[in-house]
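Just so we're aligned, residue 2 is where the sequence shown starts under the working numbering, counting upward by one.
C-beta: ideal position from N, C-alpha, C; glycine also.
To start, the structure under review is shown below, and the notes come after it.
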Amino acid sequence: MTKHSLDVGLADFQQAVLEESKRRPVLVDFWAPWCEPCKALKPVLEKLAAEYGGKFLLAKIDSDDNQELATRYGVRGIPSVKAFIDGEPVDEFSGALPESEVRAFLDRLVPGPADELRVEAAELRRAGDVSAALQKLADASKIDPSHVGVRLDAAEIMLDLNEADEASRLIAGVADDVDARVPQLKARLQFMGAAGEDEAALAARVAANENDLEARLKLANLLVAAGKYEAGMDQLLEIVRRDRGFGDDIGRKTLLSVFDLLGGGELLSRYRRMLASALY
2 MTKHSLDVGL
12 ADFQQAVLEE
22 SKRRPVLVDF
32 WAPWCEPCKA
42 LKPVLEKLAA
52 EYGGKFLLAK
62 IDSDDNQELA
72 TRYGVRGIPS
82 VKAFIDGEPV
92 DEFSGALPES
102 EVRAFLDRLV
112 PGPADELRVE
122 AAELRRAGDV
132 SAALQKLADA
142 SKIDPSHVGV
152 RLDAAEIMLD
162 LNEADEASRL
172 IAGVADDVDA
182 RVPQLKARLQ
192 FMGAAGEDEA
202 ALAARVAANE
212 NDLEARLKLA
222 NLLVAAGKYE
232 AGMDQLLEIV
242 RRDRGFGDDI
252 GRKTLLSVFD
262 LLGGGELLSR
272 YRRMLASALY
């Protein structure tokens, strides 16, 4: 037993595994003394725990002596290895995998150098040093050019700086379902295109002619780009109510983009209900 590897039972499972996994990944190895594959896997796990130097904790659980834990986490055969992060199991494998495969499994869980630079960049950004944050992200991208999180972090900063073209380049090719931020960032890009319009002039056009849906749409985009979400969504709802077919249903489609931008919360729920009412 070392500081990176320890035997765990029911009595200390909460603290040693669930609580500890809120600070670093915890790899739980369910094993038994009679299990030959367990004997082959155990030294591999212990070697990697030492090599990774505390980036994860190896918790070894004798499943015969801790059947309640084995049942709770659905252990049907051993060795069974389950990874915990933030108190929850997030990944697993069964059987005595070779070291290379165990290492690949760990590398999906344990923060690498690029992730560490992302954390540093986030701290610099919160401190207001945007230039240094971007440099950290550039360094991270050199280490791992395909790291989506790094690209999205940089895109967020570019949008904050009104650098739409660079933000668009960073987001290009990233699927919406890869990260919850992707639809939000794409929505922000869409509404940044309204920059340069005059809010007062557009509002005057709408006041003079309530059916000037082109002016309503431009006004809505401008309001959303300025963070005036409710006012912008009110204009989009009015477009839906007045002419659902205008601009190939652009009122509803744009409203859905605002929903992506909002992400969640009471405001989103309220306007979803209002859109449903306007449509049906």
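Residue i to residue j span [Cα, whole Å]
i: Ser81; j: Leu257; result: 44 Å
i: Ser64; j: Gly266; result: 43 Å
i: Asp213; j: Met275; result: 22 Å
i: Asp140; j: Val120; result: 12 Å
i: Lys143; j: Val111; result: 19 Å
i: Gly54; j: Glu47; result: 11 Å
i: Pro184; j: Glu231; result: 19 Å
i: Arg271; j: Ala17; result: 43 Å
i: Glu117; j: Arg243; result: 51 Å
i: Trp32; j: Lys56; result: 22 Å
i: Glu211; j: Leu218; result: 12 Å
i: Leu186; j: Leu262; result: 7 Å
i: Leu70; j: Leu138; result: 41 Å
i: Pro44; j: Ile172; result: 43 Å
Residue range of the unbroken alpha helix (DSSP H) whose run includes residue i
i: Pro114; result: Pro114 to Arg127
i: Pro184; result: Arg182 to Met193
i: Glu69; result: Gln68 to Arg73
i: Asn210; result: Looking at the DSSP string, Asn210 is not in any alpha helix (DSSP H), and its letter there is neither H nor E.
i: Cys39; result: Glu37 to Glu52
Which of helix, strand or coil DSSP assigns to residue i
i: Asp63; result: strand
i: Leu280; result: helix
i: Ala173; result: coil
i: Pro26; result: coil
i: Asp161; result: helix
i: Asp244; result: coil
i: Ser147; result: coil
i: Asp8; result: strand
i: Leu110; result: coil
i: Leu262; result: helix
i: Leu98; result: coil
i: Gly88; result: coil
i: Glu231; result: helix
i: Val131; result: helix
i: Val179; result: coil
i: Val18; result: helix
i: Gly252; result: helix
i: Asp199; result: coil
Contact set for residue i: own chain, Cβ-Cβ below 8 Å, skip 5 residues either direction
i: Met193; result: Leu160, Asn163, Ala165 and Ala226
i: Pro38; result: Ile79, Pro80, Gly96 and Ala97
i: Asp180; result: Val149, Gly150 and Leu153
i: Ala123; result: Ala134 and Asp154
i: Asp283; result: With the chain covering only 2 through 281, there is no way to say anything about residue 283.
Cβ-based neighbour list, residue i, same chain, cut-off 7 Å, excluding 5 preceding and 5 following
i: Leu135; result: Ala155 and Ile158
i: Val9; result: Ala17, Val18, Ala60, Lys61 and Ile62
i: Glu102; result: none
Residues that residue i bridges to, as DSSP identifies them
i: Lys83; result: Val29 and Glu93
i: Leu58; result: Val27
Any C-beta of chain D under 8 Å from that of residue i
i: Ser169; result: Absence of chain D from the displayed structure is noted, only one protein chain being present.
Sequence-distant residues of the same chain with beta carbon closer than 6 Å to residue i, five excluded per side
i: Glu21; result: Val27 and Leu58
i: Arg253; result: Val241
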